[in-house]
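Take a look at the structure set out below.
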Amino acid sequence: MKETIERDMNGQSQTPQEVKLQQLREILPEVFTEGEVDWEKLKATLGEDINFANERYVLNWAGKSDAFKALQTPTTKSLIPAKDEGVNFDETEHIFIEGENLEVLKVLQKSYFGKVKMIYIDPPYNTGNDAFVYPDKFSETRAEYEKRVGDKDEEGYMTKDGVFKRNSRENGQYHSNWLNMMMPRLYLAKNLLRQDGVIFVSIDDHEVHNLRLLMNEVFGEENFLAEFPRVTKRAGKTTDLIAKNTDYVITYGKSELIDLNKNPFEDDGYRHTDEFESERGKYKLSQTLDYGSIQYSPSLDYEIYIDDYVFRPGNVTAEEQLERQKRNPASDFCWRWSKDLYEFGLKNGFIVVRESARGKRIYTKTYQNAIISRDSNGYFIDLIERTKPTSTLEFIENVYSNDNSRKDISKLFDTKVFEYSKPVSLIKKLTSNGSNPNDIILDFFAGSSTTAHALFLSNISQCVFRNYILV
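This is the structure:
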């Protein structure tokens, strides 16, 4: 094979070592971790004897032990009220905190330990182009760290250059840096959750695999609830091999006591109204009282009289009905309801007669909020709320895409301010499922403050109040 020497964009040729590493990467990609040769993997691949006695299934990365130290180091920071920068400061129960979120989470431990019902975060996706807080080296002193994250501009706001560093793909610890940033924040966030609390984390395929493993470690694999795919856009780059149109919402509970609200049962068939609508809701007529049963019963093959009209299952004649009862076939037409259930349903408005191609037919009403139940005292009307659990396909509709987030932002600003904010509809849906009135919702990667926007709208439309803490 003809050897070629590749050149970098700056015109510099690769060194012989770089050429050999590239050739090794092409032959044995599995022995590389974060761009570097994993010598233990290389030995195993080549059949070298390795001591596996201490091996176990665990997520590990460069700097993990130091990240635990960062988690355990107490903060010297405190929250200082900025009354001149707030609205209705003394009355509002919402809190917006400006600060490096690791330090803020530590400060919040004392006042909000075990009090937060729901957390939503949209952390950096680690695409290689985003920036986030991570140390260049764990030998950085506390004073050096505080100076870096404390850099302010002339107006007193934190400077991005002081706090954030770009995590390039060329970085030798590309994934490790992201994990070192996320791990202590997730542990502190877990402390703030109630026992019935839930956390939702947006992420894409750059780190979704590592995030799942990390959250298994922090929250426990048994508390994993779902990995929701979300449509980010309908169209993708035509130059890509695969158009990537989704990201994910990873969901974990704090414990087995997790409590999520179900969704209202929606069915366009509920369009008919009657005098019971205020109590039972609308109804649909999807079923006739008679049907071709696979298990015929003579007790369900009786005559019904309504307004001088005689109804028989299958619209047969009296003679045909009598012959069928004597024959007692394994399957044939009969009523779905027993005679006493039918009489209760007729008396209480659950029966309606409609014309059909086969003549008059009896239909049973299916109400949105009422069913017929039975106990030891007989039949009664049971008022219910029809719900359904959230599906893992919940967020594949375009209403939850970034196309709608741009529309949300354009309603507030004349220019493009945020490129990748989440749509209000997504956060409204998550808060509807994950929280209740008077609960506290935390977002410590606040970004464009979509969480606050969504909660304002939800509180108004539902006439309820949920509190938020944004960092």
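Note that the sequence shown covers residues 11 to 481 in the numbering used here.
Glycine included, each C-beta is placed from N, C-alpha and C at the ideal position.
{"Item": "Short Cβ contact (8 Å threshold) for Leu-295 with Lys-370", "Value": "no"}
{"Item": "Closest by C-alpha distance to Thr-83, when choosing among Asp-100, Trp-71, Thr-461, Leu-112", "Value": "Leu-112"}
{"Item": "Secondary structure of Trp-345, DSSP reduced to three states", "Value": "strand"}
{"Item": "Paired residues, beta bridge with Tyr-414 - DSSP", "Value": "What sits at residue 414 in the sequence shown is Asn, not Tyr. Its beta-bridge partners do not exist; DSSP assigns none."}
{"Item": "Where Gly-355 falls, given that 16 or more other Cβ within 10 Å makes a residue buried", "Value": "buried"}
{"Item": "Whole-angstrom distance between Ile-304 and Phe-321, CA atom to CA atom", "Value": "21 Å"}
{"Item": "For Ile-361, three-class secondary structure by DSSP", "Value": "strand"}
{"Item": "Closest by C-alpha distance to Phe-275, when choosing among Lys-398, Gly-109, Val-228, Asp-449", "Value": "Lys-398"}
{"Item": "Backbone secondary structure at Gln-32 - three-state DSSP", "Value": "helix"}
{"Item": "Neighbour-count burial assignment, Pro-134, 16 or more Cβ in a 10 Å radius", "Value": "buried"}
{"Item": "Length of the line joining the Cα atoms of Lys-243 and Ser-435", "Value": "15 Å"}
{"Item": "C-alpha gap between Tyr-67 and Thr-298, whole angstroms", "Value": "57 Å"}
{"Item": "Reduced DSSP secondary structure (H/G/I, E/B, other) of Ser-186", "Value": "helix"}
{"Item": "Spatial distance of Tyr-389 from Ile-361 (CA atoms)", "Value": "15 Å"}
{"Item": "Nearest neighbour of Ile-260, chosen from Ile-131, Asn-139, Gln-32 [CA to CA]", "Value": "Ile-131"}
{"Item": "Burial state of Trp-49 (16 or more Cβ within 10 Å)", "Value": "exposed"}
{"Item": "Stretch-stretch touch, CB-based, cutoff 8 Å, three pairs: the segment 430 to 444 with the segment 401 to 417", "Value": "yes"}
{"Item": "Reduced DSSP secondary structure (H/G/I, E/B, other) of Asp-453", "Value": "strand"}
{"Item": "Inter-residue CB distance, Ala-380 and Ile-391 (contact presumed, cutoff 8 Å)", "Value": "6 Å"}
{"Item": "Own chain, CB closer than 8 Å to Val-241, minus 5 neighbours either side, in chain order", "Value": "Asn-255, Thr-256, Phe-405, Ile-406, Glu-407, Asn-408, Tyr-410, Ser-411"}
{"Item": "Per-residue DSSP class, three states only, for Tyr-301", "Value": "strand"}
{"Item": "Validate contact between the segment 114 to 128 and the segment 443 to 454 using beta carbons, cut 8 Å, 3 pairs", "Value": "yes"}
{"Item": "Residues near Ser-88 by beta carbon distance below 7 Å, same chain, minus five either side", "Value": "Val-117"}
{"Item": "Completely contained beta strand (DSSP E) runs for the segment 267 to 311, where each covers 3 or more residues", "Value": "293 to 298, 300 to 303"}
{"Item": "Proximity winner among Val-363, Leu-310, Arg-476, relative to Gln-331 (alpha-carbon distances)", "Value": "Leu-310"}
{"Item": "Simplified DSSP state of Val-326, which is helix, strand or coil", "Value": "coil"}
{"Item": "Local Cβ density within 10 Å of Asp-318, reported as buried at 16 or more and exposed below that", "Value": "exposed"}
{"Item": "Rounded straight-line distance, which links the Cα of Asp-206 to that of Asn-477", "Value": "17 Å"}
{"Item": "Under the three-state DSSP convention, the category Gly-230 falls into", "Value": "coil"}
{"Item": "Simplified DSSP state of Ala-253, which is helix, strand or coil", "Value": "coil"}
{"Item": "Which of helix, strand or coil DSSP assigns to Gly-444", "Value": "helix"}
{"Item": "Gln-205: first and last residue of the uninterrupted beta strand (DSSP E) it sits in", "Value": "203 to 213"}
{"Item": "Whole-angstrom C-beta distance between Pro-339 and Tyr-306, which should lie under 8 Å", "Value": "5 Å"}
{"Item": "Extent of the continuous beta strand (DSSP E) to which Ala-92 belongs", "Value": "It is not in any beta strand (DSSP E) - Ala-92 carries neither H nor E in the DSSP assignment."}
{"Item": "For Val-326 and Phe-286, the rounded distance between their alpha carbons", "Value": "33 Å"}
{"Item": "Paired residues, beta bridge with Lys-370 - DSSP", "Value": "Glu-365"}
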